[in-house]
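Its first residue numbered 239, the sequence shown is counted upward by one per residue in UniProt numbering. Where a beta carbon is used, it is the ideal one built from N, C-alpha and C, also for glycine. Everything numeric in this text was worked out from a predicted model, so none of it was measured. Quick notes on the structure that follows.
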Amino acid sequence: EIADKGQYPHYMLKEIHEQPETLSRTLSHYLDPIEMRVDMPDGLDFAAIDRVIIVACGTAYYAGMVAKYMFEQIAGLAVDIDIASEFRYRDPVLSPKSLMIVVSQSGETADTLAALRYAKSFNLKTAALVNVMTSTMAREADIALPIKAGPEIGVASTKAFTSQTCALATLAVGAAFARGHIDADTAAAHCRDLATLPQRVVEALLCSDDIAQVAATLIDAKSIFFLGRGPMVPIALEGALKLKEISYIHAEGYAAGELKHGPIALIETGTPVIIIAPDDALFEKTVSNLQEVAARGARIILLTDAKGADAAKGLSKTIVTLPTATPLCAPIIQAIGQQLLAYHTAVTLGTDVDQPRNLAKSVTVE
Ligand code: G6P
239 EIADKGQYPH
249 YMLKEIHEQP
259 ETLSRTLSHY
269 LDPIEMRVDM
279 PDGLDFAAID
289 RVIIVACGTA
299 YYAGMVAKYM
309 FEQIAGLAVD
319 IDIASEFRYR
329 DPVLSPKSLM
339 IVVSQSGETA
349 DTLAALRYAK
359 SFNLKTAALV
369 NVMTSTMARE
379 ADIALPIKAG
389 PEIGVASTKA
399 FTSQTCALAT
409 LAVGAAFARG
419 HIDADTAAAH
429 CRDLATLPQR
439 VVEALLCSDD
449 IAQVAATLID
459 AKSIFFLGRG
469 PMVPIALEGA
479 LKLKEISYIH
489 AEGYAAGELK
499 HGPIALIETG
509 TPVIIIAPDD
519 ALFEKTVSNL
529 QEVAARGARI
539 ILLTDAKGAD
549 AAKGLSKTIV
559 TLPTATPLCA
569 PIIQAIGQQL
579 LAYHTAVTLG
589 TDVDQPRNLA
599 KSVTVE
């Protein structure tokens with residue numbers, strides 16, 4: 239793949255639009271398209287472990303956080319998720335039956351690599367989910383797991399995030415089946431569901447113009463909040479990270495239910511609050527948090543799906559309707575909305591989208 243912007247003004251936008259294709263590649267690596275089952279990578283035995291430890295930095299950490307929900311809900315398998323720069327300094331209690339998965343686009347991030355080496359020194363089984371298969375992490379881990387996103391040039395990670403999340407979703411389904419937590423029919427249904435992801439992403443990308451209009455209203459904001467519940471918590475955190483990385487607007491992601499324990503004090507008339515709430519099991523609860531901030535004068539921007547948009551009519555003047563998706567696919571669909579929101583805000587502000595100040599694509603020093 240040649241690193242060329244093609245018809246796009248920025249690598250980031252090109253990479254956002256590549257996602258139907260990059261996700262297809264991720265899925266074809268991990269799914270058997272005929273049998274509709276997960277092709278479990280060699281050496282990965284989820285039946286032999288009692289815990290997964292995911293360690294990563296930045297955007298990759300949020301992909302791991304989404305995966306925690308998937309492994310716990312679909313496979314009944316406990317997941318610890320750690321920030322790599324913290325992991326080795328807190329004397330983590332490591333059981334020999336744990337599997338450590340480091341998640342890293344580059345496979346070179348210093349803290350993530352150090353966490354991998356730390357786990358190996360305790361004889362833990364290790365896997366590295368990376369985009370660069372020639373990287374140090376891919377070489378040093380017991381098992382190297384590719385995400386197949388192709389070269390990512392934009393400093394703000396987009397297609398790597400969705401491919402990391404997608405690969406981890408397939409592994410969660412594979413783990414659920416391997417552990418006897420779900421039967422073959424249920425596993426096949428999950429695989430068929432995941433196989434629809436690229437087409438849903440095509441549809442999500444059609445929201446770009448709507449999102450650009452929302453972005454134009456954000457450029458004077460001093461501070462923006464991103465709220466979600468369940469798997470939308472990491473998507474809110476990722477949305478806030480993406481926005482601050484490239485637009486330099488202060489943004490905070492929060493678990494919606496935690497808002498009243500502090501951050502609600504910062505809500506003033508007109509403060510933009512981005513609410514990420516597809517119509518899922520927690521939708522009603524998120525809506526009640528939406529009403530709490532709306533009552534304090536916040537300007538609500540709701541990113542949801544068709545059913546959510548219908549149910550929330552009248553609660554928000556600004557609603558972006560992304561494609562309807564199942565719990566396995568919804569985090570990725572909603573992440574596309576967040577990427578577009580950050581991108582269009584930054585472009586409107588005229589920042590250097592592909593090379594934001596002070597940031598490096600890969601942080602190879604501690
Ligand atoms: C840097 C990049 C981020 C990335 C993080 C982790 O901060 O700017 O986009 O998420 O490193 O990088 P990795 O290569 O380990 O995924």
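Report task. Please classify PHE360: does DSSP put it in a helix, a strand, or coil? Result -> PHE360 falls in the coil class under three-state DSSP.
Query raised in the report: Counting pairs of beta carbons, one from the stretch 338–352 and one from the stretch 290–300, are three or more of them closer than 8 Å?
Result: yes
Query raised in the report: Is MET371 helix, strand or coil when you go by DSSP?
Result: coil
**Report entry** Reduced DSSP category for GLU476 - H, G, I as helix; E, B as strand; rest coil
**Finding:** helix
Requested in this report: Identify, in the order they occur along the chain, each residue of the same chain with its Cβ nearer than 8 Å to the Cβ of ILE287, setting aside the five sequence neighbours on each side.
Outcome: LEU315, LYS335, SER336, LEU337, LYS363
**Report entry** Enclosing alpha helix (DSSP H) for VAL525 [first to last residue]
**Finding:** 521–533
Query raised in the report: THR566 to ARG534, Cα distance in whole Å?
Result: In the sequence on display, residue 566 carries Leu and not Thr. If you take the alpha carbons of LEU566 and ARG534, they lie about 33 Å apart.
Query raised in the report: So, does the CB of VAL591 fall closer than 8 Å to a CB anywhere in chain C?
Result: Among the chains in the structure shown there is no chain C, since it carries only a single protein chain.
**Report entry** Residues sharing a beta bridge with LYS551, DSSP
**Finding:** Looking at the DSSP assignment, LYS551 forms a beta bridge with SER554.
Query - Beta carbon of TYR486 nearer than 8 Å to that of LEU251 - result: no
Report task. Reducing DSSP to helix, strand and coil, say where THR542 ends up. Result -> strand
Requested in this report: Could you have a look at SER485 and say whether DSSP puts it in helix, strand or coil?
Outcome: helix
Query - DSSP bridge partner residues for SER323 (one or two, in chain order) - result: Bridge partners of SER323: none, in fact.
Query raised in the report: If we ignore side chains and look at the alpha-carbon of each, how far apart do LEU597 and VAL531 end up?
Result: For LEU597 and VAL531, the distance between alpha carbons rounds to 32 Å.
**Report entry** Buried/exposed call for PHE325, threshold 16 Cβ in 10 Å
**Finding:** buried
**Report entry** Close-in-space but distant-in-sequence residues of the same chain around SER401 (CB under 7 Å, 5 per side omitted)
**Finding:** THR260, LEU261, THR264, ILE385, LYS386, ALA387
Query raised in the report: Of all the beta strand (DSSP E) runs that stay within the bounds of the stretch 405–455, which reach a length of 3 or more residues?
Result: none
Query raised in the report: When DSSP labels each residue in this structure, what does LEU351 get in the three-state scheme?
Result: helix
Query raised in the report: Are VAL558 and LEU541 closer than 8 Å when you measure CB to CB?
Result: The Cβ-Cβ distance between VAL558 and LEU541 falls below 8 Å.
**Report entry** Selection from ARG467, GLY575, LEU465, HIS248 that minimises the alpha carbon distance to LEU443
**Finding:** GLY575
Query - Nearest candidate by alpha-carbon position, reference LYS306, set VAL411, PRO271, VAL370 - result: VAL411
**Report entry** Cβ separation of GLY468 and ASP517, assumed to be a contact under 8 Å, to the nearest whole Å
**Finding:** Rounded, the Cβ-Cβ distance is 12 Å, inconsistent with contact.
Query raised in the report: Taking the alpha carbon of ALA453 as the point to measure from, which residue in ILE512, GLU506, LEU465 has its own alpha carbon closest?
Result: ILE512
Query raised in the report: Is LEU504 helix, strand or coil by DSSP?
Result: helix
Requested in this report: State the DSSP-derived secondary structure class of GLU253, mapped to helix, strand or coil.
Outcome: helix
Query raised in the report: Does the Cβ of HIS488 have 16 or more other Cβ atoms within 10 Å, making it buried, or fewer, making it exposed?
Result: exposed
Query raised in the report: Just to confirm, are ASP592 and GLY392 a CB contact at a threshold of 8 Å?
Result: yes
**Report entry** MET338 - containing beta strand (DSSP E), residue span
**Finding:** 336–342
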